[in-house]
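What follows is one structure encoded as structure tokens, with my remarks underneath.
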Amino acid sequence: MLAAITQFIRDRFIRSRRLNATRLVAGSFAVIILVGTLLLALPISARSGESQGLFTAFFTATSATCVTGLVVTDTFLTWSPFGQGVILLLIQLGGLGFMTVITLISLAAHRRIGLSERLIMMSTLNLNDLDGVVRVVRHALMGTAFFELLGAAVLSLRMIPKYGFFQGVWHALFHAVSAFCNAGFDLQGGDTGPFSSLVGFQNDPLTLFTTAALVIIGGLGFFVWEDWLEHRHWKKLTLYSRLVLTLTAALTLGGALFFLGAEWANPGTLGPMEVGEKCLNAFFQSATLRTAGFNVIDQGAMTDNSIVMSCILMLIGGSSGSTAGGMKTVTVWVLVMVVITGLRGRESIVYRERTLPLRRAMNAVTLFLMVTFLFVTGSMLISLTHEATFLQAAFETASALGTVGLTTGITPLLARPAQGLLAVLMYTGRVGILSFSIAFLNRQKDSLNMKYPDFNIMVG
């Protein structure tokens, strides 16, 4: 059945070239959300046996497909095992990407991967050429299965004694997939209360370190995995991979130190904890802001400085070609290099005797301006439609746009228009930015072999 559907999609859309890569990615996510909405709207998906309605189903399907984690109802208390299974499938499809799943089915059916599919896979994974693209996808699928199953095995050491064998295995698998795909959905509502996430594991290093490791590994990107598998030595890695690993470590550890200092004496967050528990929870807070969405402390009780820092880290997100969202780490690094180059009065961006193409710098600046515009506009609109502070509205907006899933607690209380806006931001953050990146990769260079005269204007 799956093979027949795959063949139909390949023949009608991919190989017929009715859709380019950008439209295919955007359209496939929309179709997945639509199917997920219809399934979650069924009475069988609800724990009560009564349909939760189209809007709740739509919001949840969008959040799961866009691997965000924002919800208007508690996942465990609202959805039946069938509904939870639908959510998990949506998370996996959204995390891997539609074309990756199509490739998996094609490989399993021993079908040949055509040139059109390779081009779309190259664009979807942000690769620069066709060399080894199928190998990269194959390794991405194998790596995903390995890390998710390994994470589930480790988490089951805590979940099975707590919930029994079958339910414990399900909880462990659900949280492992959700963590690796940077989704942030959890099933802890029946144990520690609605919307409690991982608060019940505040003093459990095994659960928190395992979850954080899955989040970080999933956010590194498939290209970095492939590069590490091929070279296995720091000096032999590409410049991009070294930048990703360095920036990921710097942002995670730097964020942990910031939250440790900012929340050390806050009675609503880290204040009542022991020193070791404070360090553990500060580290997890920093790691989960890389678009994961799990929380162990009350986000609404954080200081204003911590909320602002959280917004920044959520908008930065993970790395290209990964399960994470946001502007991406290396994009921010390019922006910093643009600023440094401008301050030095140079015309070319040079790093370690290499010049960054101007087109890449322009892409980074354009993406930054787009995300900033959406962030500010969304924050203002939400603050206007709900009695909340601008910081609270900004936090929810950054969480949706960066596909993070953390909340200060106001998302379930928002009016339907504001919740609908968050759904649009989630789709834009996951699909819009990805499609925007693909459009950059596929854009043709200006064929006009001419140079126009310069003109000068005053800036600053």
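Numbering-wise (the working numbering), the sequence shown opens with residue 349 and increments by one.
Ideal Cβ placement from N, Cα and C applies to all residues, glycine included.
Note that the structure is predicted; figures quoted are calculated from it, not measured.
Using alpha carbons as the reference points, say which of the options lies closest to residue i.
{"i": "Pro765", "options": "Phe407, Gln400, His519 and Gln633", "result": "Phe407"}
{"i": "Gly417", "options": "Trp681, Val373, His523 and Leu390", "result": "His523"}
{"i": "Pro760", "options": "Arg778, Ile730, Thr720 and Gly750", "result": "Ile730"}
{"i": "Val563", "options": "Phe716, Ser393, Val752 and Trp576", "result": "Val752"}
{"i": "Val379", "options": "Leu441, Leu425, Asp422 and Ser393", "result": "Leu441"}
{"i": "Leu444", "options": "Gly431, Ala405 and Val484", "result": "Val484"}
{"i": "Ser667", "options": "Val644, Gly569 and Leu438", "result": "Gly569"}
{"i": "Ala709", "options": "Gly616, Val687, Met728 and Thr720", "result": "Val687"}
{"i": "Ser526", "options": "Leu437, Gln550 and Leu489", "result": "Leu437"}
{"i": "Arg702", "options": "Ser399, Met685, Leu691 and Thr404", "result": "Met685"}
{"i": "Asn551", "options": "Gln400, Phe632 and Gly433", "result": "Phe632"}
{"i": "Phe743", "options": "Lys583, Gly648, Arg707 and Ala771", "result": "Gly648"}
{"i": "Ser706", "options": "Thr689, Val719 and Ala493", "result": "Checking the sequence, you will find Leu at residue 706 rather than Ser. It is Thr689."}
{"i": "Met718", "options": "Gly641, Leu773 and Ala736", "result": "Leu773"}
{"i": "Gly641", "options": "Val415, Val383 and Val373", "result": "Val415"}
Less than 8 angstroms between the CB atoms is what I'm expecting for residue i and residue j, so what's the real figure, rounded?
{"i": "Val419", "j": "Ser428", "result": "Incorrect: roughly 15 angstroms between the Cβ atoms, too far for contact."}
{"i": "Asp646", "j": "Leu739", "result": "With 8 angstroms as the limit, Asp646 and Leu739 do not qualify as a contact, their Cβ atoms being about 15 angstroms apart."}
{"i": "His519", "j": "Leu535", "result": "5 angstroms"}
{"i": "Leu595", "j": "Thr677", "result": "4 angstroms"}
{"i": "Gly777", "j": "Leu749", "result": "4 angstroms"}
{"i": "Ile655", "j": "Leu599", "result": "At roughly 17 angstroms, the Cβ-Cβ gap does not stay under 8 angstroms, so Ile655 and Leu599 are not in contact."}
{"i": "Ile381", "j": "Phe430", "result": "Their Cβ separation, rounded to whole angstroms, is 18 angstroms, which puts Ile381 and Phe430 out of contact at 8 angstroms."}
Return the CA-CA distance between residue i and residue j, expressed in angstroms with no decimal places.
{"i": "Asn530", "j": "Tyr800", "result": "47 angstroms"}
{"i": "Phe528", "j": "Gly693", "result": "42 angstroms"}
{"i": "Ala560", "j": "Gly609", "result": "20 angstroms"}
{"i": "Thr385", "j": "Arg580", "result": "43 angstroms"}
{"i": "Ser658", "j": "Leu637", "result": "7 angstroms"}
{"i": "Val592", "j": "Leu618", "result": "30 angstroms"}
{"i": "Leu577", "j": "Gly567", "result": "17 angstroms"}
{"i": "Ser589", "j": "Arg395", "result": "44 angstroms"}
{"i": "Ile362", "j": "Val779", "result": "Here the model assigns Ile362 a pLDDT of 48, short of 50, so the residue's position is not dependable, and the following value carries that caveat. About 18 angstroms."}
{"i": "Gly512", "j": "Asn629", "result": "27 angstroms"}
{"i": "Ile357", "j": "Leu769", "result": "Note that Ile357 scores a pLDDT of 49, beneath 50, so its modelled location is shaky; the value from the coordinates is reported in the next line. Each residue's alpha carbon lies about 31 angstroms from the other."}
{"i": "Gly674", "j": "Gly757", "result": "21 angstroms"}
{"i": "Val680", "j": "Ala712", "result": "8 angstroms"}
{"i": "Ile353", "j": "Ala409", "result": "Residue confidence for Ile353 is low, a pLDDT of 47 falling below 50, so the modelled location carries little weight and cannot support an answer."}
{"i": "Asp802", "j": "Leu704", "result": "22 angstroms"}
{"i": "Gly491", "j": "Leu521", "result": "16 angstroms"}
{"i": "Met650", "j": "Glu695", "result": "42 angstroms"}
{"i": "Ser621", "j": "Ser634", "result": "Residue identity differs from the one stated: residue 621 is Met in this sequence, not Ser. So the two alpha carbons sit approximately 17 angstroms from each other."}
{"i": "Phe533", "j": "Val623", "result": "28 angstroms"}
{"i": "Val572", "j": "Gly669", "result": "9 angstroms"}
{"i": "Gly397", "j": "Leu497", "result": "31 angstroms"}
{"i": "Arg700", "j": "Glu625", "result": "40 angstroms"}
{"i": "Leu587", "j": "Glu574", "result": "14 angstroms"}
{"i": "Ser364", "j": "Leu387", "result": "Caution is warranted here: a pLDDT of 48 is assigned to Ser364, below 50, making its placement in the model unreliable, and the coordinate value is therefore given only provisionally. Roughly 30 angstroms separates the two Cα atoms."}
{"i": "Phe543", "j": "Val698", "result": "47 angstroms"}
{"i": "Met728", "j": "Val502", "result": "42 angstroms"}
{"i": "His734", "j": "Ala741", "result": "9 angstroms"}
{"i": "Leu732", "j": "Thr404", "result": "22 angstroms"}
{"i": "Leu722", "j": "Trp582", "result": "37 angstroms"}
{"i": "Leu390", "j": "Ile439", "result": "19 angstroms"}
{"i": "Arg486", "j": "Phe377", "result": "21 angstroms"}
{"i": "Ile660", "j": "Phe607", "result": "13 angstroms"}
{"i": "Thr423", "j": "Thr413", "result": "15 angstroms"}
{"i": "Ala771", "j": "Thr714", "result": "23 angstroms"}
{"i": "Gly602", "j": "Leu402", "result": "42 angstroms"}
{"i": "Leu489", "j": "Gly616", "result": "41 angstroms"}
{"i": "Gln400", "j": "Thr737", "result": "30 angstroms"}
{"i": "Gly433", "j": "Trp612", "result": "39 angstroms"}
{"i": "Gly812", "j": "Pro509", "result": "Because the chain is modelled from 349 through 808, residue 812 falls outside the range shown and cannot be assessed."}
{"i": "Pro553", "j": "Leu691", "result": "44 angstroms"}
One question on the structure: do residue i and residue j come within less than 7 angstroms of each other, judged by their Cβ atoms?
{"i": "Gly548", "j": "Thr555", "result": "no"}
{"i": "Phe495", "j": "Ile565", "result": "yes"}
{"i": "Met662", "j": "Ala746", "result": "yes"}
{"i": "Ser545", "j": "Asn643", "result": "yes"}
{"i": "Thr725", "j": "Ala672", "result": "no"}
{"i": "Gly516", "j": "Leu425", "result": "no"}
{"i": "Phe716", "j": "Leu683", "result": "yes"}
{"i": "Gly499", "j": "Thr421", "result": "no"}
May I ask you to check if the CB of residue i is nearer than 6 angstroms to at least one heavy atom of the ligand ZN?
{"i": "Leu749", "result": "Ligands displayed in this structure: none; no statement on the ligand ZN is therefore possible."}
Worksheet entry | Contiguous alpha helix (DSSP H) assignments of at least 4 residues, all confined to the segment 557–612 | Within the segment 557–612, the alpha helix (DSSP H) runs of at least 4 residues that lie entirely inside it are, in chain order, 570–579 and 587–610.
Worksheet item: Enumerated in chain order, which unbroken segments of the alpha helix (DSSP H) with a length of 4 residues or greater are wholly contained in the segment 471–537?
Response: Those alpha helix (DSSP H) runs which fall completely within the segment 471–537 and span 4+ residues are 481–511 and 513–528.
Worksheet item: What are the uninterrupted segments assigned as alpha helix (DSSP H) that are 4 or more residues long and contained completely in the segment 698–779, given in chain order?
Response: Correct list: 706–733, 738–749 and 764–775.
Fill in: 4 or more residues per run - each alpha helix (DSSP H) lying fully within the segment 378–430
As far as the segment 378–430 is concerned, its whole alpha helix (DSSP H) runs of at least 4 residues are 402–413 and 423–426.
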